[in-house]
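S.K.: Just dropping this structure here.
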Amino acid sequence: MFAGNKHEDHRMKRAIKWLLKRWGYSISKESRDQPQICRLPPLSDTQEKFIEWNALRLNIPRETARERYLESLSAFPDGHGGEKYKEFCNLSYRVFGGLYGDTEAEIFSSYPFYGPLHMLRFLSYPEKNIYTANTDFIGLLKERTEITILDFGCGLAHESRGMARAFLELNKPCRLLLADIPTIRKDFALYLCRQAGIDAAFFDCRAEMPVPAFPKYDLLVATEIFEHVYDPVKYFEALNANLNKGGLIYTNVSDHHREFMHVSPNLEKLRTHIIASGFQEIRDHTLFQKPY
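So in our numbering the end of the sequence shown lands on 295, straight run, no missing numbers.
If you want it as structure tokens, here you go:
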């Protein structure tokens with residue numbers, strides 16, 4: 004049920020322990036008994052679900068999984084969502100960049116290697132699961148009898164799961180297609196969908212087929228993705244091919260800072276191409292509608 008490369012996981016765990024030690028953090032039993040300055044908010048629903056899933060994945064008691072997750076969170080003053088953890092990730096990229104870089108030839112092997120680091124960060128994201136009938140994307144698609152959503156570069160599908168639930172609450176059949184480079188997050192993303200009663204399928208993005216063959220869909224969620232690919236316009240064209248007429252693209256095509264894995268930070272060419280393709284810009288840089 005749970006796919007993954009045990010050798011890669013073990014190597015990453017050893018690497019993280021080494022980095023923590025280099026930074027002066029201790030994860031020994033003695034350090035766990037010492038008081039720590041930690042400002043952690045209550046766990047989110049996604050974090051609670053992660054504890055459940057990880058207990059199943061490792062075949063350990065749920066309380067043990069909770070203790071292990073809280074230990075990981077408390078290794079940094081503000082958990083995995085704070086500046087110290089971000090600095091730790093950046094240090095990891097520097098240390099292991101010689102083996103796993105962000106060149107076009109390496110990217111599909113690098114994402115799985117850094118997958119555990121990214122997953123912990125994603126778990127700290129705010130919950131985005133409250134949508135109402137007044138939300139733009141619901142109003143623009145309300146006449147459709149059923150909805151198919153594609154979340155490309157889905158991560159943990161924070162937003163698309165909320166969107167799918169919003170349609171289901173309106174009694175509209177909704178299917179969620181998830182697509183990403185397969186990492187440790189894959190099984191957990193599907194677990195989250197099952198727990199929410201969402202009909203979901205996962206499509207692996209691989210070097211030989213970066214954009215898999217998708218069925219037709221009505222709503223494309225592609226947030227924080229185009230700056231991560233080497234030819235954003237080419238990816239847009241491949242994704243647009245199966246977007247139904249009148250369909251929506253929920254994205255972020257603002258320019259980004261150049262950093263590790265932000266390989267195309269300037270998206271001006273893509274913005275121009277989207278408008279030239281006849282799309283209506285409903286919300287600046289974030290919501291577009293395909294012509295009928």
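Glycine included, every Cβ here is placed at the ideal spot set by N, Cα and C.
This one's a predicted model, so the numbers in the text were calculated from it and none came from an experiment.
Say whether the segment 231-239 touches the segment 191-201, bearing in mind that this needs 3 or more beta-carbon pairs closer than 8 Å, one atom from each stretch.
M.R.: no
S.K.: Would you mind sorting methionine 212 into buried or exposed? The rule is 16 or more other CB atoms within 10 Å of its CB.
M.R.: By 1-based counting over the sequence shown, the position of residue 212 is 209. Counting Cβ neighbours within 10 Å, methionine 212 comes out exposed, since fewer than 16 surround it.
S.K.: Runs of 4 residues minimum, wholly inside the segment 240-282: which ones carry the alpha helix (DSSP H) assignment?
M.R.: 271-279
S.K.: Would you call the CB atoms of glutamate 284 and valine 224 closer than 8 Å?
M.R.: One-based indexing of the sequence shown puts residue 284 at position 281. One-based indexing of the sequence shown puts residue 224 at position 221. The beta carbons of glutamate 284 and valine 224 sit no closer together than 8 Å.
S.K.: Check whether the segment 173-189 and the segment 203-211 touch, using three or more Cβ-Cβ pairs below 8 Å as the test.
M.R.: yes
S.K.: Go ahead and pull the three-state DSSP assignment for phenylalanine 205.
M.R.: Residue mapping note: residue 205 aligns to position 202 of the sequence shown, counting from 1. Note: phenylalanine 205 maps to strand in three-state DSSP.
S.K.: From the DSSP output, in three-state form, read off cysteine 92 for me.
M.R.: Position 89 of the sequence shown, counted from the first residue, corresponds to residue 92. DSSP places cysteine 92 in helix when its eight states are reduced to three.
S.K.: By how many angstroms is the C-alpha of lysine 248 removed from the C-alpha of glycine 142?
M.R.: Taking the sequence shown and counting its residues from 1, one reaches residue 142 at position 139. Taking the sequence shown and counting its residues from 1, one reaches residue 248 at position 245. Between glycine 142 and lysine 248, the C-alpha separation is close to 16 Å.
S.K.: Contact defined as beta carbons within less than 8 Å: I believe glycine 158 pairs with phenylalanine 125. What is the distance between those atoms, to the nearest angstrom?
M.R.: Locating residue 158 in the sequence shown gives position 155, where the first residue counts as 1. Locating residue 125 in the sequence shown gives position 122, where the first residue counts as 1. About 5 Å; that satisfies the 8 Å criterion.
S.K.: Hey, how far is the Cα of lysine 219 from the Cα of threonine 151?
M.R.: Here residue 219 is taken as the residue at index 216 of the sequence shown, counted from 1. Here residue 151 is taken as the residue at index 148 of the sequence shown, counted from 1. Computed Cα separation, rounded: 8 Å.
S.K.: Pairing CB atoms from the segment 101-111 with CB atoms from the segment 50-69, are three or more of them under 8 Å?
M.R.: Segments in contact, no.
S.K.: With a cut-off of 8 Å on the beta carbons, I'd call phenylalanine 239 and isoleucine 277 a contact; round off their distance for me.
M.R.: Residue 239 sits at position 236 when you count from the first residue of the sequence shown. Residue 277 sits at position 274 when you count from the first residue of the sequence shown. About 7 Å separates the two Cβ atoms, so the contact holds.
S.K.: Pull up the distance between the alpha-carbon of threonine 138 and that of arginine 164, whole angstroms please.
M.R.: Counted from its first residue, the sequence shown places residue 138 at position 135. Counted from its first residue, the sequence shown places residue 164 at position 161. Between threonine 138 and arginine 164, the C-alpha separation is close to 15 Å.
S.K.: May I have the straight-line CA-CA distance separating proline 294 from arginine 97, to the nearest angstrom?
M.R.: For the purposes of this step, residue 294 is taken as residue 291 along the sequence shown, with counting starting at 1. For the purposes of this step, residue 97 is taken as residue 94 along the sequence shown, with counting starting at 1. Taking the straight line joining both Cα atoms gives about 44 Å.
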